[in-house]
Structures are given as structure tokens and as C-alpha cells.
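Worksheet for the structure shown next.
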Amino acid sequence: MTIKENLPQPDIRERLREAGSPAVSDHELLAAILGTGIRGKDVRSLASEILAVNNFSAAIPSVKDLIKTSGLGHAGACRIIAALELGRRFYGTRGRRVLNPQDAWQLVRHHADCRREHFIGCTLNGAHDLIAVRVITTGLINKTIIHPREVFADAVADRACAILVAHNHPSGRLEASVEDLEITNRLQEAGELLGIPLLDHLIFSEHNFVSLVEAGVIKRGGICNSP
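Letter by letter, the sequence shown follows residues 94 to 320 of the working numbering.
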């Protein structure tokens with residue numbers, strides 16, 4: 094097999110460029126992610142074999158699961174997992190119903206290992222289905238950086254019916270600071286004026302979180318109850 098035969102076929106890239114991803118089959122998209130095949134197996138055949146033995150719609154597989162495919166190495170397996178996880182983070186959560194703080198934590202917990210604080214806003218529709226998750230700011234979180242207009246600008250643009258916010262504590266300590274409480278109160282007041290209530294504020298680490306609804310800072314009736 095020549096190097097040329099081992100590369101993704103030009104028509105895959107051409108159709109991606111001209112018509113977008115809907116015009117390309119699943120195995121062709123996977124071939125584009127893999128980039129090259131292996132000795133004795135072109136990239137399309139390798140992609141087809143991977144899809145035949147893995148149900149990506151059910152869950153993101155592990156490296157161990159993927160390398161069971163004959164000839165697929167750790168690098169190729171990691172490339173597939175990274176692509177699936179990136180897609181899940183940006184698009185897979187859209188429309189997910191958020192009914193409790195645990196649901197909310199699952200939307201943001203991949204930011205827990207960041208070395209800087211990330212302040213994140215989530216917009217929801219009237220049924221508490223997720224519209225979007227956005228990082229609003231990074232760095233030391235304080236009331237001079239987190240202004241209600243920045244938080245609610247996206248909510249207004251999304252025609253959201255409610256929001257929730259969250260931020261990580263890189264130290265791993267989950268106690269709410271005075272600044273955290275002040276920011277929460279300001280967002281509550283702004284939300285009441287705009288008719289876009291703040292449903293919760295989570296402070297989280299990689300392994301746990303604190304809900305300011307459950308802590309009694311924000312009155313109950315938001316995401317802790319099904320709409």
C-alpha cells in the first residue's frame with residue numbers, strides 16, 4: 094500500500110469543504126479524523142471496522158475498547174475520543190433537561206481542572222432544556238469582573254427563560270466566599286428585573302460541588318424541582 098493510498102480520499106475533504114459535514118457518511122467522517130490507515134488496511138476500511146464494533150451514540154468508548162480493533166493504536170484511539178468528547182461538550186449538551194444541581198454540574202465539570210477560575214453561564218428555555226453553555230470570564234472572580242450585563246446579555250440574545258451560573262475553585266475548597274455571595278445576590282436582583290431568574294450558582298471542583306440553592310442562598314423553586 095502506498096502512502097497516497099493510505100491518506101483520506103480527497104473527495105471526503107472536498108465534500109466537507111463544499112457541502113459541510115451532513116454530506117459525508119459516518120465512516121468517511123471517522124476516516125477524516127484518523128487521517129491515515131494502517132499497514133494492509135486503508136483508512137476507509139479501518140473506519141468502517143471501528144464503527145461496526147463500537148456504538149458511539151451510546152457512550153464515548155475508552156482507549157482500551159477502541160484498540161481492540163485490529164491495528165488501531167493508542168494515538169488513533171485518543172484522536173477519536175478527543176473528537177467525540179469535543180463534539181459532546183459543544184453540541185451534545187444542547188437540549189438536555191436540567192432538573193437538579195447534579196445535572197448542572199455535569200455540564201460544567203470538565204472545567205474543574207483549569208488552573209484559573211472559570212465563570213460559566215448556562216441559558217435555559219421554559220422547560221429547563223439547555224440552550225447554551227458559555228465561559229463568561231476567566232481569572233480571579235470578583236464583583237468588578239462579573240457584571241450582570243455580561244451574564245444576562247447572552248440570556249437575552251438566546252431568548253432564555255432562566256439561567257444558572259457556575260465557577261470552579263482551583264484550590265478544591267468549595268466554600269462560598271463573600272465575593273461569591275455578593276455576585277449571586279446581584280445576579281438574583283438583575284434576573285428578577287429582567288424576568289430571567291437565576292436558578293442556581295454552583296461552586297465546583299473535579300469531584301464535588303456546592304449548590305447555593307441547596308445552601309439556602311438562592312430560594313428554592315428553580316432547578317431543584319422539575320418544571
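Virtual Cβ for every residue (Gly too), placed ideally from N, Cα, C.
*Leaving out the 5 sequence neighbours to the left and right, which residues in its chain are closer than 7 Å to G219 when beta-carbon positions are compared?*
For the purposes of this step, residue 219 is identified with residue 126 of the sequence shown, where counting begins at 1. These residues qualify, in order along the chain: C254.
Original post:
In this structure, does DSSP put F245 in helix, strand or coil?
Top reply: Position 152 of the sequence shown, counting from 1, holds the residue named residue 245. Of the three classes helix, strand and coil, the one that applies to F245 here is helix, per DSSP.
| task | Under the assumption that H221 contacts V191 (Cβ atoms under 8 Å), give the Cβ distance between them as a whole number of angstroms. | result | Here residue 221 corresponds to residue number 128 of the sequence shown, with the count starting at 1. Here residue 191 corresponds to residue number 98 of the sequence shown, with the count starting at 1. That pair is a contact at about 5 Å.
I'd like the list of long-range same chain contacts for H204, defined as Cβ closer than 7 Å, with 5 residues on each side in sequence excluded. Taking the sequence shown and counting its residues from 1, the one referred to as residue 204 is at position 111. These residues qualify, in order along the chain: H211, I213 and N261.
Span of the alpha helix (DSSP H), counted from its first residue to its last, around A170: Working through the sequence shown from its first residue, we reach residue 170 at position 77. Where A170 is concerned, the enclosing alpha helix (DSSP H) stretches over H167 to G180.
Just how far apart, CA to CA, sit N278 and L217?
In the sequence shown, the residue the question calls residue 278 occupies position 185. In the sequence shown, the residue the question calls residue 217 occupies position 124. C-alpha separation (whole angstroms): 20 Å.
Give the range of the beta strand (DSSP E) segment to which I230 is assigned.
Looking up residue 230 in the sequence shown gives position 137. Strictly speaking, residue 230 in this sequence is Thr, with Ile absent from that position. Start and end: L223 to T231.
query: Are there three or more Cβ pairs, one per stretch, closer than 8 Å when the region 196–203 is compared with the region 163–172?
result: The region 196–203, when compared against the region 163–172, does not touch it at the 8 Å Cβ threshold.
For D273, is the classification buried or exposed, using 16 other Cβ atoms within 10 angstroms of its Cβ as the cut-off for buried? Against the sequence shown, residue 273 aligns to sequence position 180. Per the 10 Å Cβ criterion, buried.
Problem - Cα-Cα separation between G284 and G265, rounded to whole angstroms - result: Walking along the sequence shown from the start, residue 284 turns up at place 191. Walking along the sequence shown from the start, residue 265 turns up at place 172. Near 29 Å, if we compare the C-alpha coordinates of G265 and G284.
- Query: What do you get for A140, buried or exposed, if any count of 16 or more other CB atoms within 10 angstroms of its CB means buried?
  - Reply: Locating residue 140 in the sequence shown gives position 47, where the first residue counts as 1. Buried is the call here.
- Message: Looking at the strands, I want to know which residues DSSP matches up with N261.
- Response: Mapped onto the sequence shown, residue 261 falls at position 168. In the DSSP assignment, N261 forms a beta bridge with F297.
_For a test of the three-state rule: what should DSSP assign to A255, helix, strand or coil?_
As a working note, residue 255 is residue 162 in the sequence shown. Looking at A255 - three-state DSSP - the assignment turns out to be strand.
Does DSSP classify R110 as helix, strand or coil?
Stepping through the sequence shown from its first residue, residue 110 is reached at position 17. Note: R110 maps to helix in three-state DSSP.
Check the DSSP bridge columns for L267 and list the partner residues they point to.
If you number the sequence shown from 1, residue 267 lands on position 174. DSSP output for L267 lists no bridge partner at all.
ask   = Hey, would you say V42 sits closer than 8 Å to V244, going by beta carbons?
value = The first residue shown for the chain is 94 and the last is 320, placing residue 42 beyond what the model contains.
Helix, strand or coil, according to DSSP, for V201 in the structure here? Position 108 of the sequence shown, counted from the start, is the residue given in the question as residue 201. V201: helix per DSSP, three-state reduction.
- Query: Is F149 helix, strand or coil by DSSP?
  - Reply: Translated into the one-based positions of the sequence shown, residue 149 becomes position 56. Three-state DSSP puts F149 in coil, outside helix and strand.
Item checked: Cβ neighbours of S298 in the same chain (closer than 7 Å, five flanking residues each side left out) -> Within the sequence shown, residue 298 is the residue found at index 205, counting from 1. Answer for S298: A205, N261, H262, G265 and L267, listed in chain order.
Check: Which value, in whole angstroms, describes the spacing of the CA atoms of R181 and I256?
Finding: Position 88 of the sequence shown, counted from the first residue, corresponds to residue 181. Position 163 of the sequence shown, counted from the first residue, corresponds to residue 256. The straight-line gap from Cα to Cα measures roughly 21 Å.
- Query: By Cβ distance below 8 Å, which residues in the same chain neighbour G164 in space, the five residues on each side in sequence not counted?
  - Reply: Along the sequence shown, read from residue 1 onward, the residue named residue 164 stands at position 71. These residues qualify, in order along the chain: I131, R132, G133, K134 and L139.
Note to self: Is it buried or exposed, E121, if we count other Cβ atoms within 10 angstroms and call 16 or more buried?
What the structure shows: Your numbering for residue 121 matches position 28 in the sequence shown. Buried: at least 16 other Cβ atoms inside 10 Å.
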